[in-house]
Structures are given as structure tokens and as C-alpha cells.
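S.K.: Below are the C-alpha cells for one structure; questions will follow.
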Amino acid sequence: MRKLIITALLLLSPGILLAAGAGPHLEKADIDLHDQGSLQRGAKYFVNYCMGCHSLQYMRYNRLAKDLDIDEVTLRETLLFGEAKPGDLMENAMRPEDALAWFGVAVPDLTLVTRWRSPDWVYTYLKSFYVDPTRPYGVNNVVFPAVGMPHGLSDLQGIQEPVMGHDAAGAPVVTGVRLVKQGRLSPQEYDAMVRDITAFLTYAGEPIQLERQRLGLYVLLFLGFLFIIAYLMKKEFWKDVH
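Residue numbers -19 to -1, 1 to 223, in mature numbering (1 follows the signal peptide of the UniProt record, and there is no 0), belong to the letters of the sequence shown in order.
Pasting the structure below:
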């Protein structure tokens, strides 16, 4: 019994730590996977701004086009570059050895990033870069301190400075960011763009998600009907038992 209690506590401890509020505040991404327009824009933004370094190595272009209702002409004109073909996996052109030389770490594939981190984390991360002269690329991030990548969307968002605060021990920490120089997009336009990218990455992490939810409803309805039949059968079988 003691071993069972200890095992249960170990399994529950990560959830307890998360519930305690550790880590930075995450903004709600408020994405809608039914919004095809948002997913299409997110795919375009990801290919144009993120795929120079990151990949979606478990996703094929033609699967994306089918799911997001993108015709082949549009796919070739807006999402395929170089020698990429519709049936290819969405891999980037950066070699792993180049990534190690330039960034010091292997650049992660982002197919499952929202399943690993959550959509809210990705949305907040893309909005939380700030100027930090001590970092190799001159920027840092509130939700990912000591981030090793440059801010690839800085020309769109603009320049942000850190907002300082103190932790429970009284040590200075970065608690937020403040926009000091606007980029090519307004804050509202940049937020919408980041939301579209987050929605697309959430779709890429589980393309079957909406279909799974639809089928799950039918399964629950079937189980409910089966329960009623089983209950009525049980009453019939036991009606003469006293």
C-alpha cells in the first residue's frame, strides 16, 4: 500500500507543480481550427518566415493542401520553393551541421511543438522577444530565457524592451515586454499573424484532430445507446430474481 501511495504522488507531482503557477504567464491563443482562412494564412507565414530554419518533417505539402483546401496552383505559387514538390515532406534547407555552427544547437522541428508546449505557449513566445545586448543575437525571450535563436519576425513586430519586476526572493526578473518601436505591422495585425501561425502549428501537430472529435461524438452516442439496451436487458433478466 505504501508503494502505491508513493507511486501515485510521483505521477501527480508534475501536475501539482504546474498547478502551482510556476513559469511566466501565458496569453490565451484563442485559435479556431475550423477557420480555414486562418490556417491558410498561418501556413503561408510559416513557410515564408519560419521554414528557413525550422521544418515540419512529418507533414507533406499535398496533405496540407488537401486539408486546408488549397489548390495545386496556389500551393506551387505560395508554398513551394526551390525544387520542392507537392509530395515532399516539409523539410528546411538548413543542414544540421550548419545549425550547430550558427546557433550552437540543432534547430528543432516544429511539427509537434504545440502538443509539447501548448498553443498558448507558442502564441506567447512569438510575442515575447525583447532587446538583450548580452545575447548572441541581441534578443531574449520572456517565456524562454536565454533563447538561442534570432527574432525572425522583428521587422514585422518592431523592437520591445523588457519590463522588470521581482521574484518571490526579491531578485530582479523580466516580467513582460513593452513595444518601443513599431515594425511594419500594428500590434493588432502582429497579434493576428501570430495567432494564425499558432493555429497552423496546432493543426500540423494533429491534422486528424477535428475528424477525431467528430468521430468521438458518434462513439459516445453509440455507447450511450448501448448502455440503455444493456440496462433494459439487465432488468429483464433479473425481474424474477428476489
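Glycine residues also receive a C-beta, built at the ideal position from the N, C-alpha and C atoms.
With which residues is asparagine 122 paired in a DSSP beta bridge?
M.R.: For asparagine 122, which the question treats as bridged, DSSP gives the partners Phe110.
S.K.: Could you spell out the range, first to last residue, of the beta strand (DSSP E) harbouring methionine 145?
M.R.: Per DSSP, methionine 145 belongs to the beta strand (DSSP E) from 139 to 147.
S.K.: Just the C-alpha distance for leucine 49 and aspartate 11, rounded to the nearest angstrom, thanks.
M.R.: Their backbone Cα atoms lie some 19 Å apart in a straight line.
S.K.: Can you tell me whether valine 222 is buried or exposed, with buried defined as 16 or more other CB within 10 angstroms of its CB?
M.R.: When all chains shown are included, valine 222 counts as exposed.
S.K.: Alanine 211: buried (16+ other C-beta within 10 angstroms of its C-beta) or exposed?
M.R.: Exposed is the call here.
S.K.: According to DSSP, is lysine 66 helix, strand or coil?
M.R.: It is coil, neither helix nor strand.
S.K.: In this structure, what does DSSP give as the bridge partners for leucine 93?
M.R.: None, per the DSSP bridge assignment.
S.K.: Counting Cβ pairs closer than 8 Å, one from the segment 30 to 44 and one from the segment 84 to 100, do we hit at least three?
M.R.: Yes: at least three Cβ pairs fall under 8 Å.
S.K.: Going by the DSSP bridge assignment, what does glutamine 163 pair with across the sheet?
M.R.: DSSP lists Gly139 as partners of glutamine 163.
S.K.: If you follow the beta strand (DSSP E) that leucine 45 is in, where does it begin and where does it stop?
M.R.: Not the beta strand (DSSP E): leucine 45 falls in the alpha helix (DSSP H), residues 42 to 48.
S.K.: Is glycine 2 helix, strand or coil by DSSP?
M.R.: At glycine 2, the pLDDT of 46 sits below 50, so the modelled position is not reliable; the number obtained from the coordinates is stated separately. In the structure shown, glycine 2 sits in coil (DSSP, three-state: anything other than H, G, I, E or B).
S.K.: For glycine 2, count the other beta carbons within 10 Å of its own beta carbon; 16 or more makes it buried, fewer makes it exposed. Which is it?
M.R.: Residue placement at glycine 2 cannot be trusted, given a pLDDT of 46 that sits under 50; what the coordinates show is reported in the next sentence. Glycine 2 is exposed by the Cβ-count criterion.
S.K.: For a quick check, are the C-beta atoms of tyrosine 106 and valine 175 less than 7 Å apart?
M.R.: Cβ distance not < 7 Å, so tyrosine 106 and valine 175 don't count as in contact.
S.K.: Considering only DSSP beta bridges, list what leucine 37 is partnered with.
M.R.: DSSP lists Met71 as partners of leucine 37.
S.K.: So, at 8 Å on beta carbons, what are the nonlocal neighbours of leucine 14 in its own chain, with the 5 sequence-adjacent residues on each side left out?
M.R.: Counting only Cβ-Cβ distances below 8 Å, and skipping sequence neighbours, we find Leu20, Ala180, Thr183, Tyr184, Gln190 and Leu191.
S.K.: Could you please give me the residues that DSSP links to valine 158 through a beta bridge?
M.R.: Valine 158 pairs with Pro143.
S.K.: Between the C-alpha atoms of valine 123 and valine 144, what's the straight-line distance to the nearest angstrom?
M.R.: Going by the C-alpha atoms only, they are around 10 Å apart.
S.K.: Here's the rule: buried if 16 or more other CB atoms are within 10 angstroms of the residue's CB, otherwise exposed. What is histidine 147?
M.R.: Answer is exposed; the Cβ neighbour count stays below 16.
S.K.: Would you tell me roughly how many angstroms separate the C-alpha atoms of valine 94 and glycine 205, rounded to the nearest one?
M.R.: Cα to Cα, valine 94 sits roughly 35 Å from glycine 205.
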